[in-house]
Structures are given as C-alpha cells and as structure tokens.
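**Q** In our numbering, each residue carries its 1-based index in the sequence shown increased by 1271.
Glycine residues also receive a C-beta, built at the ideal position from the N, C-alpha and C atoms.
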Amino acid sequence: MQALRWMMLGPGEPMQAAPFLPSARAGEVVIRVAGCGVCHTDLGYYYEGIRTHQPPPRCLGHEISGRVESAGAGAESWIGRAVIVPAVIPCGECDACRRGRATICPQQQMLGNDLHGGFATHVVVPARGLCAVDEARLPAAGLDLASVSVVADAVTTPYQAVTQAGVGPGDLAIVNGIGGVGGYCAQIARAFGATVVAIDVSDRKLAAVGDTAALTINARDRGVKEIKSTIQAFAQAQGLRARSEWSIFECSGTRAGQETAFGLLNHGATLAVVGFTMDKVEVRLSNLMAFHARALGNWGCAPELYPAALALVLEGKVRVAPFVEKRPLADINSVFAAVHRHEIDRRVVLQP
Ligand SMILES: [Zn+2]
Ligand SMILES: [Zn+2]
1272 MQALRWMMLG
1282 PGEPMQAAPF
1292 LPSARAGEVV
1302 IRVAGCGVCH
1312 TDLGYYYEGI
1322 RTHQPPPRCL
1332 GHEISGRVES
1342 AGAGAESWIG
1352 RAVIVPAVIP
1362 CGECDACRRG
1372 RATICPQQQM
1382 LGNDLHGGFA
1392 THVVVPARGL
1402 CAVDEARLPA
1412 AGLDLASVSV
1422 VADAVTTPYQ
1432 AVTQAGVGPG
1442 DLAIVNGIGG
1452 VGGYCAQIAR
1462 AFGATVVAID
1472 VSDRKLAAVG
1482 DTAALTINAR
1492 DRGVKEIKST
1502 IQAFAQAQGL
1512 RARSEWSIFE
1522 CSGTRAGQET
1532 AFGLLNHGAT
1542 LAVVGFTMDK
1552 VEVRLSNLMA
1562 FHARALGNWG
1572 CAPELYPAAL
1582 ALVLEGKVRV
1592 APFVEKRPLA
1602 DINSVFAAVH
1612 RHEIDRRVVL
1622 QP
C-alpha cells in the first residue's frame, strides 16, 4: 500500500495527497492511522493563517489513533499494538520534563505542527509517550480504534484541566461552552464526583448534554449576575457550597464566555481557561486577590495522564461515540469546509 499524506500547501489552498516513504529512526515508530480528529486548531492553520511551527507543505492533524506497523531501534516492543498518539510529545529529558512539567517542555513536538500529522495513511512519531489501547474493551464502549483518536486532545485537554483544578466529590463544576471539548469537560468533572452546571448560548447543545449536567443555563439573554444567582440558588438547594470554591471551566474560547467565566469567581474559586481566543477581555484582576481565587491554564495534557483519561472512556464514564462522526480521509477538503461553516456539530474523525 502506497503511503499518502494530505498536505496543506498554503492557507485555504486545497489539500493534496502526496506519496511518501514512512520509515522509523531509532526510538520512533511508523503507525498506520486508524483515525484522526479534526480540531479547531487545524481550522486555525488552514483558514485563519495561524502559522505552523514548520512551514507548509505540512500535513495537519494531531488527534491520532492507529496501529504500530514498524519501529526503529529501541521501540520494537510497540510493533502490532493499537495506540493513541499524544497531540504534543515532550522531549522527556529536559529540566521541565524531569520535574514532571511535560506540558511546558521547550523541545516538545506537536503533531501536524512541528511533525507531519495524522491526515495521512501513516504517521512517523517518537514512541515516547504513546498510549496503548486495549482493543478488546472498545466494543463494550461502542467504539472502534478510529473513534478513540479524539482522546488525544478533545478528551485529554479537559482531563488535564479538571485534574489540576483538583475537582472532587461534593464540588460544583461550571462548564461554560458545552460543545466539543466542553462536553467532555462536563463528563470528566462529573466522573470526578462533581455536580455539573453547563452554560452555553445554544439550546441544542445544552439539550445534548443530557443528564451529565444537573443544571443547564442559556446565557444568551442573561447577564452574569443573573447567571451567578441562578447557580447560587441551585447550589443551595443541592446542599453544595453556594458562595465559595466553585470550579469554573471556560471552554467557549470567546470573549463573552471568558467575561462570564471571570464574573462567576467567588471565594476560593478556581478558573480554568480551556478554550482559546485571540480576543482580549477587560476584567478586574484584583478579584483573584479579593476572593483568594486562582486562574489556571493548560497547554494540552501530559502524556502520562492519557491512560487514565482513556480508562474513563473505556469504562463508559466519558461517552465518546455519540459525539464523533467518521468521514473518509479522501473527503478532507469538503469536510474542512463543512466544519468551518459549522455544518457538523460532532467531532469529525477522518479515516484513511
Ligand atoms: Zn486540537
Ligand atoms: Zn522536555
């Protein structure tokens, strides 16, 4: 079988399939791609001219699952295994990596940005950090290997956020922006024992949350004060902390959403910024001081957390199947256009 990569030649130019010869050097593996998720970040490179670290021609795609076909020296034990590739692969050796701060490794390599990505039949990656998938457990969760590609960003990024926010039983977790990553954030917070409040401006998305959220709020016609008092009343009725220590996950990646999230801060609260926007917001930063609150961010997820995130998926505590839509890789150009036009709500996974 001829190995093919769909290359971005330049922003907005139709991507084209280009043949290549995949080969693994020492410590690397060649993976036959089962699926690769289409992320908002890919659209940013393709439509908004956000630059990839390595210039085009570049193969995008950083949510990859597949099977290891061949390996270089030292990585042979991976041959034949089903894996998820971390979206960002730290070097494993620098000061930050040695201190367990893999997400800020200065030598980290991101798929479809530093390295050629997963919109391809094959991808060549370092074996370090690969997450093994127990395929025997996939059918019980209604999944196949292609579908769990979305673990490598859409699931693990909020997993890192929920983990570092310290969410646990008895906590109130508020997720602002409930599509895609936010939907997984809500499920993960609930799996960690929190009661979840979901906020969005789309009734359709709020309805899709189902029983993951104990309370849903459409923020379209409500000011932040009204939203806050609604949540306070709910928390009180539920016997939860009504005026302190909320965990607020900003997943909308919009200016309005960030303003709402900041406005929900209370005493001892944690604000986690998960979504991204280039827009600036005006906030009274001193509220962090006055409330003894904290604001956190996370750049992806450390590879060592991937197995625990995958475990939640395989246990059925985080449902993935209803939020994934598989399409042929050969349709990449029309799929990108459709996702860009917001015509597809679910996460698209491209399959070679
Ligand atoms: Zn992504
Ligand atoms: Zn490093």
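#1: Assuming G1448 contacts E1521 under a Cβ cut-off of 8 angstroms, what Cβ separation, rounded to an integer in Å, is found between them?
#2: Can you find the residues in the same chain that come closer than 6 angstroms, C-beta to C-beta, to A1444, ignoring five residues on each side of it along the sequence?
#3: Could you tell me how far apart the beta carbons of A1423 and E1364 are, in whole angstroms, since I believe they sit closer than 8 angstroms?
#4: At which residues does the alpha helix (DSSP H) containing Q1431 begin and terminate?
#5: If you draw a straight line from the C-alpha of S1523 to the C-alpha of G1451, how long is it?
#6: Which same chain residues end up closer than 7 angstroms to F1463 when comparing Cβ atoms and leaving out the 5 residues on each side of it in sequence?
#7: Identify the residues that DSSP records as bridge partners of I1302: which are they?
#8: Return yes when the C-beta of A1367 is under 7 angstroms from any heavy atom of ligand 2, and no when it is not.
#9: With distances taken from CA atoms, which of R1526, M1549, S1515 is nearest T1541?
#10: Out of N1384, G1383, A1358, which has the shortest C-alpha to C-alpha gap to A1373?
#11: For D1482, which three-state DSSP category applies?
#12: Which residue marks the beginning of the alpha helix (DSSP H) containing T1312, and which one marks its end?
#13: Would you kindly work out how many angstroms separate the C-alpha atoms of D1482 and G1454, rounded to a whole number?
#14: Let me check one thing: in DSSP terms, what residues is T1487 bridge-paired to?
**A** On the basis of the coordinates in this document:
#1: 7 angstroms
#2: V1438, A1460, A1465, V1467, S1518
#3: At roughly 22 angstroms, the Cβ-Cβ gap does not stay under 8 angstroms, so A1423 and E1364 are not in contact.
#4: 1427 to 1436
#5: Rounded to the nearest angstrom, the two C-alpha atoms are 10 angstroms apart.
#6: V1433, V1438, G1439
#7: V1339, V1394
#8: yes
#9: Minimum Cα distance to T1541 is reached at S1515.
#10: A1358
#11: helix
#12: 1311 to 1318
#13: 12 angstroms
#14: A1469
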